[in-house]
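So the structure is just underneath, and the comments pick up after that.
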Amino acid sequence: MREVLEGSQAVARTVARCRPGVVCAYPISPQTHIVEALSAMARTGELEGCEYVNVESEFSAMSVSIGASAAGSRAYTATASQGLLYMAEAVFNAAGMGLPIVMTVANRAIGAPINIWNDHSDAMALRDAGWLQLYAADNQEAADLHVIAFAAAEELGIPAMVCMDGFVLTHATDVLELATAAEIDAFLPPYAPAQVLDIDHPTTIGTMAGPESFTETKYLQHLRFLDAAGVIEAWSERFREAFGREAGGLAVRYAPDTLDRDREAPPADAGDVVVVAMGSVLGTLQAALPALRREGVPVRLVGLSSFRPFPATALREALGGARDVVVIDRALELGSGGVLTGDVGRALAGTRSRVRSVVAGLGGRPILEASLQDVVRRAHAGELEPLEFLDLKEGGVPVPHHGATEVHR
Amino acid sequence: MTTVHIPFLQTGSLAVGGRLLSEDERSVQSHTDRPSSLTKGHRACQGCAEALAARWVMDTAVEASGGRLIVANATGCLEVFSTLYPESAWKPPWIHSVFANAAAVATGIASSLHAQGKDDIRVLAQGGDGGTVDIGLAAVSGMFERNDDVLYVCYDNQGYMNTGVQRSSATPAAARTATTPAVGRAPGQAWGQGKSMVKIAMAHEIPYVASATPADLRDLEAKVRTAMSIHGARYLHVLVPCPVGWGSESRLSIALARAAVQSGIFPVVEARAGELTDVQRIRERVDVTEYLEPQARFAHLFKPGGEDALARWRAVAEANIRRYHLLGGES
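Chains A and B supply the protein sequences, listed in that same order. The first sequence begins at 1 in this note's numbering and counts up one residue at a time. The second sequence begins at 1 in this note's numbering and counts up one residue at a time.
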């Protein structure tokens with residue numbers, strides 16, 4: 001049934017239909033509508049057999065999720081921004097203990113300066129936490145990715161973040177088709193934890209590992225992570241077969257002319273300018289790039305649905321040896337460039353591709369179609385700098401030059 | 001055959017053989033089939049009162065729950081000495097996540113068990129004073145406020161002993177630690193208001209709050225048993241002397257715990273729903289020096305210039321005796 005829904009409502013309903021045993025969260029913009037909806041469903045009984053726990057911090061939200069997952073429940077939480085950082089210690093811990101918690105990250109900037117609007121710097125700060133990170137291009141995918149996330153996380157014993165752009169997706173209304181409870185029941189295996197706190201088979205979880213075993217423990221975690229790309233791809237494929245629509249996957253291909261998502265799209269050509277992006281900006285690019293194609297600019301689009309694991313092979317295949325790669329990056333590695341650009345560059349090391357970084361949409365700055373078109377035109381003309389900030393307002397602010405010692409009080 | 005009546009100075013004391021008591025009066029530890037939920041072979045220091053208290057707490061809780069108990073442990077000595085991979089000293093299902101979150105992990109376990117309809121399985125969280133009074137306080141308070149079905153036990157050795165004896169907010173005034181050295185004009189931990197976790201717990205008006213020491217294991221056991229008979233958030237604060245951190249002889253751990261109680265420094269109390277319901281009276285009052293002097297962390301109190309601090313400690317004990325009616329009278 002197609003219905004008009006806010007992104008947060010769509011995610012909340014889909015999560016509820018995945019039948020979590022424990023949902024625990026602490027409110028933070030722009031995640032609030034998701035957890036409000038789930039708490040209401042827990043009260044009305046729509047969310048059956050589920051405990052909804054209101055806690056005093058994100059740190060406790062993740063900690064409650066850890067306890068619930070270890071005790072044998074499918075556990076879910078949601079957060080954003082400062083909240084993700086506040087729970088960071090427990091986020092790493094959940095991954096280290098192999099607890100397949102699923103968490104929505106309503107992507108939002110990190111302060112200071114405090115800013116509640118969208119970019120990817122929150123999830124990027126935890127890129128090495130040992131979690132899967134799946135990014136939604138739109139609200140349909142945001143909802144659907146949660147089903148895939150539970151399935152993949154539980155098969156792998158690796159927790160999963162579903163990242164959706166704060167406000168841009170969480171608060172946007174769209175015509176959506178949600179997976180029904182019956183469909184999800186048929187699709188998603190029941191939660192069968194690999195390790196559980198069981199009084200009949202007592203086990204100790206979370207021991208201390210010394211120098212003689214820590215490396216091996218991390219190596220095993222690494223090996224499991226190497227399996228993740230295949231598992232995500234397999235569940236995404238099963239999802240497509242079961243639901244008849246695309247969601248997830250690794251590197252997402254788009255048709256050259258229509259810019260529609262198209263798994264059969266050919267790899268880019270060597271002479272193409274390929275734009276690589278993640279999240280809702282992919283929709284803006286789908287709207288912006290056809291005009292350039294009509295102008296004769298050979299532009300292609302490749303999206304990343306999975307950021308962790310980083311799908312280097314799938315990305316290289318989709319790029320097909322293109323010389324010009326432009327990464328639209330929603331997070332900044334200070335003094336270096338875009339965060340995603342770093343991973344793309346590493347994946348393309350040893351190839352002839354030139355990777356350029358366009359840092360865009362920090363702290364909710366709108367990413368305009370015209371600005372994206374300008375970037376691609378200049379990339380095609382060989383005029384794009386290695387690192388640019390989209391629509392940077394220059395000229396009005398006195399910028400202290402290198403070596404300046406003047407102190408402003 | 002003549003019958004000899006033995007006067008029990010301390011009912012159930014192992015010193016006189018708890019096994020002389022009737023079955024239902026015996027301590028868990030005096031049963032031959034005691035659970036030993038914390039098995040021997042762990043790496044606790046000699047004279048560690050935390051290891052002793054934890055074993056009694058755990059055995060009692062396991063027994064009281066009919067073996068249906070899950071434990072969440074904060075980072076700290078207790079976790080480190082009991083679970084160095086690949087070994088574990090714990091018999092019940094046991095989880096350690098991070099330092100500050102034992103109470104929240106326990107809430108997660110309890111919530112999961114409730115969602116699964118396994119309400120007969122009980123949940124115990126435990127940590128040291130650092131994991132409870134300092135870094136874990138928010139999570140503990142949250143668990144209390146929600147009245148989650150968790151028994152939280154704090155083993156208070158009054159400092160960060162696991163990391164090398166640094167000061168915590170449970171470190172007593174004037175005590176020397178690695179971060180409050182006994183030098184300068186005000187040696188040791190600063191005099192302040194302190195932080196009474198028992199009072200903080202009581203302020204949440206949770207069903208049950210109690211304090212205890214390993215000097216009276218029967219009392220400790222009775223309090224765990226009482227706590228286990230109640231549902232909702234419960235808190236037990238156990239003072240556990242630490243030979244390494246306190247600079248005391250290993251053989252004195254129990255004597256020091258007893259002196260803390262008998263001097264009035266550590267009130268042993270019980271409270272329900274925020275109301276004080278029972279206080280252990282001082283049986284044979286001792287001066288605070290009996291508690292302080294055997295501890296190297298207070299050595300500067302017994303040198304010239306330490307008189308003021310000693311006097312202040314006597315005042316603390318007097319205030320406790322007055323406040324809690326530790327010598328009798330109306331409470």
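By construction, the Cβ of each residue, glycine as well, lies at the ideal position given by its N, Cα and C atoms.
Scanning chain A for C-beta atoms nearer than 8 Å to the C-beta of residue 324/B yields nothing, as the closest lies near 30 Å away.
The criterion of a C-beta distance shorter than 8 Å is satisfied by residue 277/A and residue 303/A. Contact between residue 76/B and residue 162/B holds, with the beta-carbon distance rounding to 5 Å and staying under 8 Å. For residue 154/B, the enclosing beta strand (DSSP E) stretches over residues 151-156. At a cut-off of 8 Å between C-beta atoms, residue 27/A does not count as an interface residue with respect to chain B.
Given a length threshold of 3 residues, each whole run of the beta strand (DSSP E) inside the stretch 125-162 of chain A is given here in chain order: 132-135.
In the three-state reduction of the DSSP assignment, residue 14/A falls in the helix class. In this chain, the alpha helix (DSSP H) harbouring residue 245/B covers 243-246. Annotation for residue 367/A: 281, 284, 360, 361, 390 place their beta carbon closer than 7 Å to its own, counting only its chain and skipping 5 residues before and after. In the DSSP assignment, residue 211/B falls within the unbroken beta strand (DSSP E) covering 208-212.
For residue 316/A, no beta strand (DSSP E) segment is defined; the enclosing uninterrupted segment is the alpha helix (DSSP H) at 312-319. Secondary-structure assignment with DSSP links residue 126/B through a beta bridge to 73/B, 153/B. At a C-beta separation below 8 Å, residue 91/B has these neighbours in chain A: 202. A distance below 6 Å between beta-carbons, with the five flanking residues on each side excluded, links residue 315/A to the following residues of its chain, in chain order: 251, 347.
In the structure shown, residue 81/B adopts helical secondary structure according to DSSP, grouped into three states. Beta-bridge pairing by DSSP links residue 389/A to 359/A. The beta carbon of residue 320/B does not come within 8 Å of any beta carbon belonging to chain A, so the residue lies off that interface. Look at residue 313/B here: in three-state DSSP terms it is helix.
Sorting 76/A, 321/A, 341/A, 274/A by C-alpha distance to the C-alpha of residue 350/A places 321/A at the top. In the DSSP assignment, residue 219/A falls within the unbroken alpha helix (DSSP H) covering 214-243. Judged by beta-carbon spacing, residue 264/B lies beyond the 8 Å limit of residue 206/B, meaning their Cβ atoms are not closer than that value. With contacts defined by Cβ atoms closer than 8 Å, residue 18/A and residue 146/A form a contacting pair.
Note that the stretch 235-244 of chain B does not touch the stretch 279-294 of chain B; fewer than 3 beta-carbon pairs, one per stretch, sit closer than 8 Å.
Distances from the alpha-carbon of residue 309/B to those of 175/B, 270/B, 244/B put 175/B closest. DSSP, read as helix, strand or coil, puts residue 58/B in helix. Against residue 68/B, the close residues of chain A are 199, in the order they occur along the chain (beta-carbon pairs closer than 9 Å). By the C-beta criterion, the stretch 7-17 of chain A is judged to be in contact with the stretch 174-189 of chain A, since at least 3 inter-stretch pairs fall below 8 Å. Within the stretch 237-315 of chain B, the complete alpha helix (DSSP H) segments at least 4 residues long are 243-246, 253-262, 288-292, listed from N- to C-terminus.
Burial check for residue 2/B: the Cβ neighbour count within 10 Å stays below 16, so the residue is exposed. The beta carbon of residue 88/A is closer than 8 Å to those of 125, 126, 129 in its chain, skipping five residues each way along the sequence.
With a 10 Å radius around the Cβ and a threshold of 16 neighbouring Cβ atoms, residue 193/B comes out exposed.
Under the three-state reduction of DSSP output, residue 33/A falls in the helix class. Against chain B, the CB of residue 93/A has a partner CB under 8 Å away; the residue lies at that interface. Setting aside the 5 residues that flank it on each side, residue 306/B is surrounded in the same chain by 300, each with a C-beta closer than 7 Å to its C-beta; the list follows chain order. Selection 269/A, 153/A, 295/A, 255/A evaluated against residue 225/A yields 153/A as nearest (Cα-Cα). Here residue 101/A is buried, its C-beta having at least 16 other C-beta atoms within 10 Å.
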